[in-house]
Amino acid sequence: DFSRIEITDVTFPSGATVSMDDPDSNLCISCHQGRASTIDIEKATAGLEEDAVPENALRFTNVHYFAAGATKFGGEVQGAYQNPELSYLGKFNHVPGFDNCTDCHNTHELEVKTEACFTCHAGVETVQDIRGPLSTADYDGDGDVTEGIAGEIATYSDKLYAAMQEYATSVIGKAIIYNPNAYPYFFEDTDGNGEINGEEGAYTAWTPRLLKAAYNYQYVQKDPGAFAHNGKYVIQFLYDNLSSLSTKVDVDMAGMIRPDAPAAQ
Numbered sequence: 003d004f005s006r007i008e009i010t011d012v013t014f015p016s017g018a019t020v021s022m023d024d025p026d027s028n029l030c031i032s033c034h035q036g037r038a039s040t041i042d043i044e045k046a047t048a049g050l051e052e053d054a055v056p057e058n059a060l061r062f063t064n065v066h067y068f069a070a071g072a073t074k075f076g077g078e079v080q081g082a083y084q085n086p087e088l089s090y091l092g093k094f095n096h097v098p099g100f101d102n103c104t105d106c107h108n109t110h111e112l113e114v115k116t117e118a119c120f121t122c123h124a125g126v127e128t129v130q131d132i133r134g135p136l137s138t139a140d141y142d143g144d145g146d147v148t149e150g151i152a153g154e155i156a157t158y159s160d161k162l163y164a165a166m167q168e169y170a171t172s173v174i175g176k177a178i179i180y181n182p183n184a185y186p187y188f189f190e191d192t193d194g195n196g197e198i199n200g201e202e203g204a205y206t207a208w209t210p211r212l213l214k215a216a217y218n219y220q221y222v223q224k225d226p227g228a229f230a231h232n233g234k235y236v237i238q239f240l241y242d243n244l245s246s247l248s249t250k251v252d253v254d255m256a257g258m259i260r261p262d263a264p265a266a267q
C-alpha cells in the first residue's frame, strides 16, 4: 500500500497539539513546525537576571527553518518567544478555499499560487504588497498605511536588529552581528567593523533579554512567508522584543502599534 499517510493532528515543540482539519496540511505542518518554542527559551533563562551574562553561558536557540505551521497557529503553539504576561493572537484563519497549505502552495514545487492571491487582492504587484481590509493601522509608525504587511514587518525587523546591536554594545560590552547564511548566525563583531571576518567566532555573551530578541529575529528571517501566515502575530512579538530592549537602550517606537484585533490581514 503506497497511499499517503493521514495525520489527524500535530504536536508542536511547545507540547500543544493542533489540527488543520485537513490531513494533507497536517502532513505539511508536521515538518514545518520549527524545533523550539517559548518553552525552550523560558527553560533556558529561568531564574537568571535579565541583563546579566550568566556564569554558565547561554547558547543561541535556533527555531530551525520555515516554521510556517507555527506561525500559522500563533499563540496557540508558541513557536516564537512570547512574553508570558501578554496575550497573543492564535491561528490565522483566511477565507474559505485559501486556509490550508495546499490551497496556496504547489506541493513540492516550492511555488506559491500568487495568481489566486491577486484575484481578491487587486491592484498589487507582488504578494508582499498585500494588506487586508482589516489592517488599517500604521503598525510600524512610518506614516505609510498602504504598504503591505510584509513592509510593516520589515520595519520592525530592521529596528529590532539595530536595537539588539545597541544593547549588545552598550549593556553587555560585546558587539553582535548577524549572518543569515552561516550557523550559528550570530557572531561577535570583535573589531567593530560591522562585517564578519574569518576569525570572529560565535556570539556567546548572551543575556536572557538579548537571547529572546535574537530567537525572534531569527524566527522571522527563516519564515519568509510569515507576513502571509500570520502577520499580526509576528508584529506582536517583534513589538514586545522592541519594548523590552527599550527599557535598556534608546529605541524609537513612536507611532508603533501592537495589534490586538482578530488575526486577519
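Numbering (the numbering used here), first residue to last: 3 to 267.
Quick reminder that beta carbons are idealized off the backbone N, C-alpha and C, glycines included.
Item to check | Touch test, the region 218-228 against the region 65-79, Cβ-Cβ under 8 Å, three pairs minimum | outcome: Taking one beta carbon from each stretch, the region 218-228 and the region 65-79 have 3 or more pairs nearer than 8 Å; the two touch.
Next on the checklist: Is it buried or exposed, Tyr185, if we count other Cβ atoms within 10 angstroms and call 16 or more buried?
Outcome noted: Walking along the sequence shown from the start, residue 185 turns up at place 183. Counting Cβ neighbours within 10 Å, Tyr185 comes out exposed, since fewer than 16 surround it.
Checklist entry - Buried or exposed: which applies to Ala265, given that a residue is buried once 16 or more other Cβ atoms fall within 10 Å of its Cβ? => result Indexing the sequence shown from 1 puts residue 265 at position 263. Residue placement at Ala265 is poorly supported in this model, since its pLDDT is 47, which falls under 50; the coordinates are not used for a value here.
Item to check | CB of Asp213 within 8 Å of CB of Met166, strictly | outcome: In the sequence shown, the residue the question calls residue 213 occupies position 211. In the sequence shown, the residue the question calls residue 166 occupies position 164. Here residue 213 turns out to be Leu, not Asp, going by the sequence shown. Their beta carbons are not under 8 Å apart, which means Leu213 does not touch Met166 by this criterion.
Next on the checklist: Along the chain, where does the beta strand (DSSP E) containing Phe189 start, and where does it finish?
Outcome noted: Looking up residue 189 in the sequence shown gives position 187. Residues 188-190.
Checklist entry - Distance, Cα to Cα, Thr148 vs Arg133? => result The residue you call residue 148 lines up with position 146 of the sequence shown. The residue you call residue 133 lines up with position 131 of the sequence shown. Inter-residue distance for Thr148 and Arg133 is about 8 Å (C-alpha atoms, whole angstroms).
Checklist entry - Where does the unbroken beta strand (DSSP E) through Leu43 begin, and where does it stop? => result As a working note, residue 43 is residue 41 in the sequence shown. Reading off the sequence, residue 43 comes out as Ile, not Leu. Looking at the DSSP string, Ile43 is not in any beta strand (DSSP E); the run it does join, the alpha helix (DSSP H), is 40-47.
Next on the checklist: Using only CA atoms, which one of Asn102, Thr206, Ala177 lies nearest to Glu197?
Outcome noted: As a working mapping, residue 197 is identified with position 195 in the sequence shown. Among Asn102, Thr206, Ala177, the Cα nearest to that of Glu197 belongs to Ala177.
Checklist entry - So Tyr180 is in the beta strand (DSSP E); what residue range does that whole segment cover? => result The residue labelled residue 180 in the question sits at position 178 within the sequence shown. Unbroken beta strand (DSSP E) run through Tyr180: 178-180.
Item to check | Same chain, Cβ closer than 8 Å to Ala54, neighbours up to 5 away in sequence not counted | outcome: Position 52 of the sequence shown holds residue 54. Within the same chain, Ala54 has close Cβ partners Thr209.
Item to check | Short Cβ contact (8 Å threshold) for Ala82 with Asn218 | outcome: Translated into the one-based positions of the sequence shown, residue 82 becomes position 80. Translated into the one-based positions of the sequence shown, residue 218 becomes position 216. Yes, the Cβ-Cβ distance between Ala82 and Asn218 is below 8 Å.
Checklist entry - CA-CA distance, Ala280 and His96? => result What is shown of the chain runs 3 to 267, which leaves residue 280 out entirely.
Checklist entry - In three-state terms, what does DSSP make of Asn108? => result By 1-based counting over the sequence shown, the position of residue 108 is 106. Under the three-state reduction of DSSP, Asn108 is assigned to strand.
Item to check | Distance between Phe62 and Phe4 (C-alpha atoms, nearest Å) | outcome: Mapped onto the sequence shown, residue 4 falls at position 2. Mapped onto the sequence shown, residue 62 falls at position 60. Cα-Cα distance, rounded: 41 Å.
Checklist entry - How about Tyr141 and Tyr235: are their beta carbons less than 8 Å apart? => result Position 139 of the sequence shown holds residue 141. Position 233 of the sequence shown holds residue 235. Not in contact: Tyr141 and Tyr235 (Cβ atoms no closer than 8 Å).
Checklist entry - Would you call the region 247-265 and the region 152-166 touching, i.e. three or more CB-CB distances under 8 Å? => result The answer is yes - the region 152-166 touches the region 247-265, with three or more Cβ pairs under 8 Å.
Checklist entry - Taking the alpha-carbon positions, what's the Glu78 to Gly92 distance? => result For this step, residue 78 is matched to residue 76 along the sequence shown. For this step, residue 92 is matched to residue 90 along the sequence shown. Approximately 5 Å, taken between the alpha carbons.
Next on the checklist: According to DSSP, Glu113 sits in a beta bridge with which residue or residues?
Outcome noted: On the sequence shown, position 111 is the one that residue 113 refers to. BP columns for Glu113 point to Asn108.
Item to check | Classification of Gln267 by the beta-carbon crowding that lies within 10 angstroms, buried from 16 upward | outcome: Position 265 of the sequence shown, counted from the start, is the residue given in the question as residue 267. Residue confidence for Gln267 is low, a pLDDT of 45 falling below 50, so the modelled location carries little weight; the figure read from the coordinates is stated next. Counting Cβ neighbours within 10 Å, Gln267 comes out buried, since at least 16 surround it.
Checklist entry - What residue does the alpha helix (DSSP H) around Thr73 start on, and which one ends it? => result In the sequence shown, counting from the first residue as 1, residue 73 sits at position 71. That run of the alpha helix (DSSP H) goes 70-75.
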